[in-house]
Each structure stands twice: as structure tokens, then as C-alpha cells.
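Shown next, in C-alpha cells, is the structure this report addresses.
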Amino acid sequence: MSATANVPESSVLSVGAPSSQGLSPFRMGLARVKQNRAAKVAFWVVSFYVFVAVLAPVLVRILNIDPYALDREAINDFGLPAGPMGGISWDHPFGVEPGTGRDILGRLMYGARISLLVGAIGTLLTTVVGVTLGIVAGLRRGFVDALIGRLGDVTLAFPSLLLIIALANPMTQRLESWGVPAGNTARITYIMAVLTLFGWVYMARLVRGQVLSLREREFVEAARSFGAGTGHLVFKQLLPNLWPQIIVFVSLSLPGYVALEATLSFLGVGLLAPAASWGIMLGDSVRYYRAAPTYLFIPGVTLMVLVLAFNLLGDGLRDAFDPRSDRQQL
Amino acid sequence: MKMRSKVLAVVALVGLVAGACGGSGDGAQSGEESGGLSATMDGVKEGGTLYVLTNQEGASTLDPQRVYTGAELGAWGSTFTRTLTSYKPVAGKDGTSLVADMATDLGTASEDLKTWTFTLRDGLTWEDGSEVTCADIAYGVSRTFGSEVTAFEGPQYAVSYLDIPAGDYDTGSAYPGPWLATAEEQALFDEAVSCDGQNITFKLQVPVSDFAYTVSLLSFAPVPEAQDTADQYGLKPFSNGPFKVESYEEGKELVLVRNENWNADSDDVREPKVDKIVWQFGLDETVIDERMLADSGDDKNAIVYGGILPENLQTVFGDESLKDRRTDGFDGFVTYTMLNIKTVSCLEVRQALWLALDREALRTASGGPFTGEFATSFVAPLLAADYEPASLVEGLNADGTPNVEAAQAKMDEAKEKCPEVYAKATEDGLRFDHPDTDTWRKNIAIWIDSLGAVGVKINDNPIEASKYYATINGDQGDLMRAGWAADWANASTVIPELFGQGGGFNYHNNEEDPAFADFQSKVDEAKAETDRDAQSKLWKELNQVVIDQVWSIPGSATKSQNLVGSNVRGAYQWLPFGWYNLGAIGLAG
Amino acid sequence: MVFFVLRRSFFAIVLLLIVSAFTFVIFSALPADPAALTCGKNCRPEVIESNRERLGYDRPLVEQYGAYMKGIFAGRTYGEEGSSIHCSAPSLGYSYDRHECVTTLIASTLPVTASIALGAFVLWMAIGVGLGTLAALKRGRWQDRVATAFSVIGVSLPTFFLGLIFIMVFVIWTGILPFPRYTGLTENPVDWFMSLLLPWFVLAIISAATYVRMTRNGILEVMNEEFVRLGIAKGLPRRRLIVTYVLRAALVPIVTIAGLDFAFLLGGALVTESIFNLPGLGKLTLAAVINSDLPILVATTMVSAVFIVVANTVVDILYGFLDPRVRVK
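Protein chains in written order, with numbering that gives the first Met the number 0: chain A, 0 to 329; chain B, 0 to 588; chain C, 0 to 328.
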């Protein structure tokens with residue numbers, strides 16, 4: 000968002016952190032987060048989603064619902080849910096999908112796996128690439144730095160959403176011709192690749208800024224004077240101080256990626272049927288929004304709650320590790 | 000106390016909401032409805048503006064040589080593009096008979112049916128007052144050959160029928176079309192389509208008994224060479240009918256206004272009533288339905304291009320007061336699934352696929368009985384003369400549900416008789432090509448599920464909708480989705496096209512099937528048969544052959560429903576085109 | 000100073016060239032065949048081949064790119080002799096799907112997108128800055144909490160979801176607003192305004208969320224600056240202090256970022272235009288994706304990039320004026 004974040008000097012002077020003597024910045028940040036009620040709730044919500052996503056196959060069996068089975072009883076002759084409220088019943092706690100009668104709760108659970116998978120791996124890749132390039136740019140300076148910087152400028156000049164959508168089908172075909180398993184595997188690979196391609200810039204810039212300020216610090220100079228190599232420098236000196244920013248960035252990008260996958264599937268360029276992506280369900284729900292509004296609401300709210308939880312968690316983490324904005328009193 | 004009232008309030012709310020969201024599907028049945036009052040001319044007044052509401056972004060094209068959508072063929076033909084012959088402007092089966100339009104009669108054919116002559120009437124004029132000449136018609140016909148512009152978008156009968164030598168151009172002809180032709184090449188065309196005063200003569204390379212029908216297609220409509228803007232002609236065509244194009248903007252609207260230079264005396268087919276026709280593009284489907292139901296203001300003078308949403312069908316057909324504003328009937332299309340006879344060369348496997356398929360679920364997924372009836376022929380019911388329900392594979396359930404035992408029995412037979420195909424179907428899986436649309440994403444799940452019950456694997460291959468036919472042209476899957484309607488009221492545009500040798504839409508690769516040789520010779524016989532009744536009999540027999548061999552699995556004879564505003568009159572379903580006779584519609588207020 | 004401006008402008012032009020080349024390569028190197036679209040239902044592979052040749056798609060990429068760039072400055076003729084169509088400069092290509100010069104299409108859709116972007120911009124600045132200022136001034140109190148809650152929720156809402164909810168609530172259920180159908184400003188100003196109201200709010204709410212946070216933090220930071228403290232110590236009236244000094248200082252970075260966001264939006268709010276059926280650049284692009292209409296895709300990508308690069312350059316130059324240190328980088 001705004002300018003580069005400096006390493007908080009206030010990690011020592013932090014407001015309200017109990018027994019701050021001797022704790023690493025990481026530990027102290029963590030303590031501060033625990034005090035933030037909103038962030039704590041958000042953490043539990045996120046954990047719940049992850050739990051459901053991971054255990055989805057087990058859960059559907061326990062609840063006796065099936066995201067893929069067509070239930071002809073639940074829909075009427077027109078393909079619309081037979082029961083009220085979009086077909087909510089004991090058999091189908093969240094209703095059924097118009098047209099096929101598939102269970103919505105089951106599909107939501109499996110959709111969670113896809114959303115979180117895409118979000119997690121996408122963020123992981125972006126972070127790895129961004130951190131690497133940021134460190135390289137910050138340490139090397141000069142030509143390499145300028146090159147990476149220009150590369151970032153060029154990347155940012157492109158209208159990302161437009162390109163992602165425009166290239167979705169052709170690029171997926173290209174991937175398939177290179178041997179990636181056809182269908183949704185290729186689709187997901189494409190989405191991850193393209194997220195990384197456009198997302199690395201922010202992470203890289205953030206990290207570069209940090210590295211630039213860190214390298215002037217005494218402990219780095221000290222390590223250098225002891226003959227420490229670049230590897231040691233990176234892993235033992237820089238990264239431990241970068242973790243807070245990285246964690247904050249991760250928790251704030253993840254929801255964006257989840258929302259992006261949903262948007263792409265909504266527009267029809269994300270995953271393919273019969274995958275149970277939330278985006279696909281939302282895209283499909285549009286034509287039924289009069290007859291079965293629950294089909295729009297339930298997946299929509301589910302998506303929104305997850306994104307909201309991640310954002311709250313990220314905010315809490317950022318406030319905890321970088322409380323600059325809260326220092327001032329009027 | 001407080002708790003209870005809360006619960007009651009919630010229950011009441013649920014009840015309200017439940018009532019609002021339609022529950023069961025009883026009450027509304029699908030049948031044949033021709034529109035009641037709205038299909039008659041009772042109370043029609045001259046003048047007014049007719050609105051056409053549609054969800055589409057634009058027309059497919061206004062260029063007569065490039066249009067191939069049934070509704071548009073009828074719409075443009077009845078308003079701004081006349082042809083030598085045309086269909087009778089009446090509802091019902093009579094509407095499928097030909098009448099003379101720009102010609103004086105239905106043409107004269109030579110003994111061998113290879114030379115056809117038509118004479119132009121007097122008084123045919125363009126929108127600028129100039130005369131429509133024989134040369135204009137010849138020029139129009141020649142445009143189809145110019146595939147760098149017309150891009151194979153319209154019917155290709157000019158190319159396949161006219162007596163022009165074969166050559167290296169993309170169409171397979173030696174004539175490249177009017178824009179590229181050298182003097183010698185143009186001469187080739189001028190041999191085949193020649194003018195002598197008001198007489199136009201067509202020389203054909205094959206005998207065609209129903210050529211009078213062929214020239215009713217807009218691809219045989221005249222275009223003045225001086226006004227031809229090639230690729231952009233479809234944005235502003237020149238009119239010789241009662242209406243002309245005032246403006247056309249994709250995504251916004253198409254405005255047709257009256258053409259003062261049209262002579263009513265020269266036209267027995269068109270009786271325009273309104274002053275203006277305005278197509279509004281890009282409207283939300285839900286909004287269209289709501290406006291039509293509300294029927295207020297200008298919407299009383301509106302019709303819809305695109306049908307009614309499935310969830311509103313209950314409302315429309317359950318309400319008796321709407322009887323005079325709604326139509327329900329076959330639209331002339333039959334959907335089916337082509338099978339690749341080369342790769343799925345085992346009859347038993349094909350029969351098993353048909354028996355195991357849950358056609359009922361497919362129909363429900365696309366909206367239920369209103370979307371169509373299970374097809375019993377590849378010829379649509381609308382094509383009354385050539386239509387006859389075939390006797391289907393044994394064991395097929397009439398209600399569309401799968402017959403798993405019969406299907407399994409066939410598969411077991413197949414295991415013995417054709418083990419390679421059996422192995423392919425159960426282990427590798429069969430590739431299903433289909434357009435990538437919302438409906439198909441649901442349909443494919445049903446295919447996978449129901450065929451899985453007998454062990455057949457289906458590999459989903461969605462293809463971008465706009466490139467679907469071009470793609471399967473080059474590379475056929477094992478199963479391919481398709482839909483077809485006759486180009487004119489004769490199954491000669493169905494059976495040979497879809498299943499015959501060299502048929503434009505024959506992707507079955509069925510030449511090597513043992514039954515093919517006999518089939519093809521019968522097709523040739525039918526095409527040359529001049530006795531219409533005898534010909535009909537042959538088409539019905541040929542249809543039965545296809546059904547017996549299961550070269551394709553018939554899907555639905557699709558239906559469409561429509562709603563018009565309360566002032567609309569003359570809005571009857573024009574059978575050859577599956578939509579209204581746009582130019583004939585009038586307003587009663 | 001002048002040198003600085005020249006340098007940034009030169010860099011911008013180089014960047015645009017790189018972007019245009021990249022765009023061209025990306026779209027040309029796809030398995031999707033630009034030639035395939037030039038052929039209808041009855042198409043055959045041989046036809047596509049010859050179309051490719053005719054339209055020059057089989058030429059080396061460099062040559063194609065050169066011809067394309069030349070077309071931008073000198074206009075270009077498409078098609079064969081006898082049926083050719085000329086697109087005058089700046090020619091961004093010819094769409095065989097829409098049968099129009101791409102420049103014509105973009106020119107007709109841009110006003111719509113500009114209307115959307117402009118209105119949304121005004122609204123999100125008003126809401127974002129307004130709420131952010133309120134949150135900063137009433138720090139810690141309920142106004143602050145509400146504003147922050149709004150901010151977090153707004154950021155979490157996917158655009159398409161909010162759009163659909165709005166339509167459901169305002170059009171279907173309550174009928175307060177008619178279903179948006181775009182009318183030009185010149186045709187009927189009132190209808191124009193009404194048709195854009197919902198899209199403006201959808202975009203504004205989501206964007207404003209970020210600006211609430213930014214404004215709040217920005218103001219708080221400035222509040223802590225020396226000169227503000229001095230002002231308070233001197234006894235300047237609080238209101239005057241805030242309006243005259245604090246806001247101005249805090250808003251500079253915010254307005255510049257808003258400018259960048261606005262430029263981004265000019266590239267077409269794809270999702271919003273699609274949901275509300277507004278015939279703008281975004282909808283043109285989406286239709287082009289569905290139809291694989293590559294000339295339009297290449298052109299809209301480039302046009303979008305132009306907006307982004309120009310906005311960035313302007314911002315950089317402005318910063319150069321404001322902060323001399325930047326100039327000597």
C-alpha cells in the first residue's frame with residue numbers, strides 16, 4: 000500500500016507487550032497478535048476452513064452427502080430445486096444445485112480444497128520468487144538491481160486481469176501440449192503460474208527495501224567483517240528479520256488469490272466442470288438468482304467469510320509486527 | 000415467551016420466502032400453443048414501432064450470403080432481403096409451401112433437372128429507387144464463392160450445385176468469387192448463372208429436384224455490386240424490401256424503418272404494418288421476462304428473440320390470462336450425439352451407450368419437458384412430410400430413464416464380439432467433444448455418471464463454443480454433440496448432410512461401416528427422385544437405417560416458447576424458420 | 000528539471016515499446032489461431048491455412064509486429080484487393096468477428112469505461128478519504144471502528160459478488176432502481192446517471208475500503224510530524240490546522256495512488272461491465288476472449304498498458320516536482 004516498511008525500532012519500545020525483555024521480534028509480535036480479539040477469531044475461522052478442506056472426503060461420508068451424485072428427487076421437472084429455500088433439507092443441509100441436484104454443502108467442502116490449494120501454492124510460489132529476486136536486487140545493487148527493477152516495471156504495466164483471462168484457454172492448451180495432465184491440473188498450473196508471474200513484484204520490492212536498510216545495520220557489517228559468505232548472510236541474518244513482513248504479505252495475498260480463482264471460474268476461464276470450485280458455483284448461480292437465491296448466497300458468503308478472515312488475520316499480524324501506524328496519539 | 004415469538008417470526012419469514020421461490024413444478028404442461036389472439040390480425044392498425052428484445056449482443060449478421068440462423072433468415076427475408084421464391088406467409092403446415100417472390104413463378108426446370116430458369120417480375124426496386132436486375136441476383140449468388148469475405152458462414156449450396164469446374168480455391172471451385180476473379184474466372188461463373196433480360200438461368204452440376212427451395216435461401220438474394228462493402232456489408236445491407244436498415248450497432252440496437260421505394264404491387268408475400276422495428280440487444284434475460292410479464296408501456300408492442308427462462312415457464316404457462324400472448328412449439332431443431340464410427344466401430348457398444356444414457360436427467364438439467372421431446376428421428380417433427388417416428392433400439396425407455404440391464408447385456412455381448420472397442424470404452428475411455436458452455440458443464444456430469452453405470456468411461460473434452468464446428472472438422476472425438484435443422488422443407492437437407500457421403504456436417508466417419516454402401520445408394524436415389532411422396536418414403540427408410548445402426552444417438556426435438564406484448568398481432572410461428580414472420584407483425588393499439 | 004522530465008518520458012516510451020512487443024508476441028505465439036476465427040461453421044483446416052497466409056499470420060513475428068506498429072502511425076489496409084478495408088491511423092487492427100476497425104470499436108467503448116471510471120473515482124475518493132479522515136480524527140472511538148470494519152469487509156468482497164447482491168437488492172427485490180442499461184451522456188443525462196449509479200457504487204465501495212485505511216494512516220502519520228506538533232503548541236485552531244496543513248500533506252501520496260488506480264480502471268472494469276451489461280472496454284475484451292478475437296485483445300491490452308504507463312510517468316514527474324531528492328536518483 001504505502002511506502003516501504005522499516006524494521007520497527009519499536010520492537011523494543013512496543014506498547015503494551017508484556018515482559019518484552021529478551022524475546023525475539025517474532026515472539027513479541029506473536030504476543031501482540033494474541034491480544035487482538037478480531038485476529039484471534041479470524042485465526043480460528045481460517046483453521047476451521049483448512050480443517051474442513053483437508054478432511055472433506057471424510058466429512059462428506061460422515062454427513063452422508065455426496066458432491067458428485069445427482070439427486071433426481073430433489074429437483075422438479077424444470078430442473079429447479081423441489082423444496083423451498085433452494086432445497087434445504089436434512090439430506091441437503093445447504094440445498095441442491097439446480098439442474099443436477101448435486102449437494103451444495105458437499106460441493107462447498109470440496110471447493111474449499113481447491114480454493115485453499117490454489118491460494119496456498121500460489122502464494123508460496125509468489126513468495127519464493129519474490130523474496131529471492133528481492134534479496135538478489137537488494138544485495139547485488141547496480142545492474143542486476145536495475146534489471147530486476149525494470150522487469151518489475153514492465154510487469155506492472157500490463158493489465159493483469161485482462162491478460163489472465165485472455166490467455167487462459169490458449170495457455171492451458173500450451174501447457175497440455177507440454178505434458179501437463181490435461182483438464183483441471185493444467186488449469187490450476189496455469190493459474191498458479193500466472194499469479195506468480197504478476198504477483199512477485201510487490202513481494203520483491205518489499206523485500207528489497209528491507210534488505211537495503213538491513214545491510215547497513217551493524218550486525219550485518221559485523222558478520223561481513225567476520226568473513227561471512229552470502230549464503231550465511233541471507234539465511235542467518237536477513238531472512239530472520241524479513242519473516243514478519245513475509246508473513247504479513249502472505250496472509251494478505253492469500254485471500255486475493257482465493258478471490259481471483261473464484262473470479263476466473265466465475266467468468267468461465269478458471270476451472271472446468273465437474274470440479275466443485277466456488278467460482279463455478281457462483282457463475283452458475285447467476286441464472287437462477289430468482290428461483291434459487293440461496294444458490295448464490297451460500298457459496299458467496301462462504302467465500303466472503305474466508306477472505307474476510309484472512310484479511311483480519313493479516314491486519315492483526317501487520318499491526319502486531321509493524322505497529323507504526325498505531326503509535327500516534329492525537 | 001420471547002424465544003417463541005422469535006421462532007414464529009423466523010418460520011413466517013421462511014414461509015414467505017418459500018412461497019416466493021417457486022416450489023413444485025405442477026400445473027404448467029408443455030404442449031402446442033400457437034399464440035391465440037396474438038397470431039391473428041384482429042384489430043391491427045397501421046403504423047407504430049415494434050420492439051424486439053434480446054439477450055444477444057447483436058445479430059449474427061445482416062449479410063444475406065452469410066446468414067445461417069433460422070430466425071434471422073426469416074426476419075431479414077421478410078423485411079429487407081427478397082428472394083426469387085419464398086415461403087407462404089401463414090401459420091401452420093401451409094407455411095412450409097413455396098410461393099413466387101421476386102420471380103413470376105416457381106421456376107422451370109429442364110428434363111434432367113440440371114437447368115433452371117426464373118423470370119423476374121416488374122417493379123422490383125432497391126431502396127434508392129433503382130431497379131433490381133438479374134445481374135444483381137447473379138452478383139449476390141457469386142459472393143458465396145468469395146470465401147475470403149463470406150468465410151463459409153452461409154449455406155454453401157451455390158458452390159455445391161452450380162456447374163462450375165472444380166479448382167484450387169478454398170471452396171474447391173475454380174471460381175474465386177467476384178472480388179478476386181480474373182476475366183476468365185468470372186466467365187466460368189457467368190456460364191453457370193446467366194442473364195437474358197429478365198430471365199435468370201442456373202446451370203447445375205447435379206440434378207436437383209427441389210431447386211426452387213434452394214433459391215429461397217438468402218444466399219441466393221441479390222446484392223448491388225456498387226453498394227457492396229465486402230466484409231462490412233453485413234453492417235449496412237442495401238434493401239429491396241418493405242423495410243430498410245437505418246442503423247445497426249452491436250451491443251445496442253438495430254433499427255429498421257420503412258423503405259418508401261418498395262413497390263407493394265410487386266410483392267405478394269409481404270404486407271408490412273408497422274413503421275419501425277427496433278431490436279434492443281444486450282438485455283438481461285431475467286429483465287426481459289419481467290418486462291414481458293409486466294406488459295406495460297412500450298413493452299405491449301414488444302416481442303422476444305431468445306425464448307423464456309426455464310424458471311418463468313411455470314408462471315407463463317400456468318396463467319390462463321396469458322393464453323393469447325404465448326407460443327409453445329417445436330423449433331425445427333433436433334439435437335443428437337454423433338458417434339465416430341471409425342473408432343466406435345461396434346454396434347453393440349453404440350446401442351449400450353444409448354440404452355444407458357439418462358436422457359431424462361439431461362432434459363431436466365436444461366429445463367425440463369418444455370425444452371423438447373425425446374427425438375425419435377433425425378428429421379424434425381416440423382418437417383411433416385418426411386417425419387416419422389422410427390422404431391428405436393429395443394429396451395429403450397420411453398420416459399427417458401436409463402435401462403441399465405439392457406445396456407449391460409449389450410456391453411456383455413460387445414465384450415465377446417468386439418473386444419478392442421469394448422476395451423477402449425471401458426479402459427481408455429471415449430472422448431466426448433462438446434461446446435464449452437454452462438449447460439454442458441452440467442450435462443457432461445450426467446453423461447459420465449449414467450454411462451459409468453455400465454462401465455463406460457467418458458473423457459470430457461470441452462471446446463470453445465465459437466470454434467466448435469471448425470475444431471471437430473479437423474479432429475473428431477469418439478462422441479460429438481450436434482444439433483441440426485433442415486435448410487428447407489425437405490429432408491434432403493438433413494439425411495445427406497448429416498450422414499451421407501461428402502455431407503457438410505457428416506463427422507461420423509461412417510464410410511467404412513458395412514451398412515454404408517446400401518445407405519449411400521439409397522440417398523442418391525432419393526435426391527434424384529422427383530415424386531415427392533416417393534421421396535418422403537425413402538427419407539423415412541433412410542432415417543430408420545441410421546437409427547438401426549446408431550450412427551448417432553438422437554437427443555431432443557427441441558421446442559421453444561415465447562411471449563409477446565398484448566398489442567402484438569400476426570406473431571405466428573413461421574414453421575420454416577422457427578420464429579416469427581417479422582415483417583408481417585402488426586400492432587393493435 | 001527539464002532533463003528529468005525528458006528522461007522519464009523517454010523511459011515511458013521505451014517501456015511502451017517493450018510492452019507492445021511483449022503483447023504482440025504473447026498473443027501471436029499462442030496455440031489459438033488468429034486465422035481460425037476468420038472462418039465460420041463450415042470451415043475446413045485447409046481454409047484456415049490459406050487464411051493464415053492471406054492475412055500474414057505466417058510471416059515472421061518481427062515483420063508482423065513492424066507492420067502493426069506502422070499501422071498505428073500510418074493506417075493500414077486489410078483484406079485482398081477488391082474487397083479490402085482501410086482503417087485510418089491510428090489503426091490498431093481489424094476485427095473479423097465484429098467486421099470493424101479495432102480503433103473504431105475502442106473509440107466507441109472508451110467513453111463508457113471512462114464514465115464508469117470517473118464516477119467511481121469521485122465516489123471512492125469521497126467515501127474513502129471522508130471516512131478515513133473521520134476515522135483518524137475520532138481515533139479509537141466507534142467511528143474509527145466502524146470505518147475500519149467497513150474497510151476490512153470492503154476489501155474482502157469479490158467484485159462480482161457485491162455486484163450481484165446489489166442487483167438483487169436494489170433492482171429485483173425493492174425495485175428502487177431500474178436494471179442498468181447504458182445510455183450515453185449526450186443522449187439523456189438523467190438516464191446516463193441512473194444507469195451508472197449501481198456500477199459506481201459497487202466499484203467505489205470496494206476501492207474506498209483501501210483508501211479509508213490509507214487516509215487514516217496517512218493522516219495519523221502527518222499528525223505526528225514536527226510541524227504539526229509545532230502548530231498545536233502554538234495554539235492554532237485545530238480545524239484550520241487539519242484542513243490547511245494535515246490534509247494537504249496526507250493527501251498528496253493518496254491522490255497520486257488514486258490516479259494510478261484510475262488509470263488501471265480505464266483499462267476496463269471487466270467484471271463490473273460484464274455483470275451490469277455496460278458496453279465498455281472491459282466487455283469488449285471479454286467478448287473478444289470468448290470469440291478468440293485476437294486483434295481486439297492485443298489492442299485493448301496495449302491501450303490499457305498505455306494508460307497505466309502514462310499515469311505512472313505523470314505521477315513520477317509530479318513527485319519530481321514535489322520532492323527534489325527523487326530527481327537525482
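Note that beta-carbon positions come from the ideal geometry of N, C-alpha and C, so glycine has one too. Quick caveat: nothing in here was measured; it's all calculated off a predicted structure.
Residue i vs residue j beta-carbon contact at 9 Å
i         : j         : result
Arg75(C)  : His85(C)  : yes
Ile103(A) : Gly85(A)  : yes
Leu130(C) : Val61(C)  : no
Leu195(C) : Gly118(C) : yes
Thr122(A) : Leu316(A) : no
Gly145(B) : Leu179(B) : yes
Ile289(C) : Leu246(C) : no
Reference residue i, options the options, closest by Cα
i         : options                                       : result
Thr114(B) : Ala90(B), Glu190(B) and Leu123(B)             : Glu190(B)
Ser273(C) : Leu282(B), Lys275(B) and Ile276(B)            : Leu282(B)
Leu259(C) : Ala116(C), Leu104(C), Leu296(C) and Ala66(C)  : Ala116(C)
Thr22(C)  : Phe261(C), Val302(C), Trp172(C) and Val309(C) : Val302(C)
Gly78(A)  : Phe219(B), Phe518(B) and Leu312(B)            : Leu312(B)
Asn260(B) : Glu126(B), Asn460(B), Ala424(B) and Ala525(B) : Glu126(B)
Glu268(B) : Val522(B), Asp477(B), Trp487(B) and Thr78(B)  : Here the sequence assigns Val to residue 268(B), which means Glu is not the residue at that position. Considering only alpha carbons, the answer is Thr78(B).
Leu184(C) : Ser19(C), Ala113(C), Ser49(C) and Val154(C)   : Ala113(C)
Gly94(A)  : Leu124(A), His231(A) and Tyr294(A)            : Tyr294(A)
Leu187(B) : Asp318(B), Gly196(B) and Pro177(B)            : Pro177(B)
Proximal residues to residue i (C-beta, below 8 Å), its chain only, five neighbours per side dropped
i         : result
Ser23(B)  : In this prediction, Ser23(B) has a pLDDT of 37, which is less than 50 and means its spatial position is unreliable; what the coordinates show is noted afterwards. Result list for Ser23(B): empty, nothing under 8 Å.
Gly148(A) : Ala136
Asp25(B)  : Reliability fails at Asp25(B), whose pLDDT of 46 lies under 50, so the model's placement of it is uncertain and the value that follows must be treated cautiously. Hits under 8 Å: none found.
Gln63(C)  : Phe23, Ser27, Gly55 and Tyr56
Lys137(C) : Asp143
Glu220(A) : none
Leu311(A) : Ala37, Ala38, Val40 and Ala41
Supposed contact pair residue j and residue i - C-beta distance, whole angstroms, cut 8 Å
i         : j         : result
Leu194(A) : Leu269(C) : Between Leu269(C) and Leu194(A) the Cβ distance is about 17 Å, and since that is not below 8 Å, they are no contact.
Pro401(B) : Ala452(B) : 7 Å
Ile316(C) : Val1(C)   : Actually they are not in contact, since the Cβ atoms of Ile316(C) and Val1(C) sit about 11 Å apart, beyond 8 Å.
Lys558(B) : Ser37(B)  : Not quite, the Cβ-Cβ distance comes to about 18 Å (not below 8 Å), so this is no contact.
Phe518(B) : Val544(B) : 5 Å
Leu308(B) : Thr334(B) : Not quite, the Cβ-Cβ distance comes to about 19 Å (not below 8 Å), so this is no contact.
Tyr109(A) : Ala55(A)  : 5 Å
Ser218(B) : Ala157(B) : 6 Å
DSSP beta-bridge partners of residue i
i         : result
Pro223(B) : Answer by DSSP bridge pairing: none, since Pro223(B) is not bridged.
Val303(B) : Leu52(B)
Gln279(B) : Leu52(B) and Glu252(B)
Met337(B) : Met479(B) and Ser551(B)
Phe373(B) : Ser555(B)
7 Å CB neighbourhood of residue i in its chain, flanking five on each side removed
i         : result
Asn509(B) : Ile340, Phe498, Phe515 and Trp550
Leu124(A) : Met191 and Thr195
Asn311(C) : Leu259
Close beta carbons around residue i, own chain, < 6 Å, minus the five adjacent residues each side
i         : result
Leu115(A) : Ala52
Val563(B) : Ser37, Ile302, Arg324 and Ala570
Cys20(B)  : Legend: pLDDT at Cys20(B) = 34, less than 50; position of this residue unreliable, no value from coordinates given.
Gly98(A)  : Gly78
Ile120(A) : Met191
beta-carbon residue i near the ligand PLP non-hydrogen atom, thresh 8 Å
i         : result
Gly196(B) : With respect to the ligand PLP, the structure shown offers nothing to examine, as it has no ligands at all.
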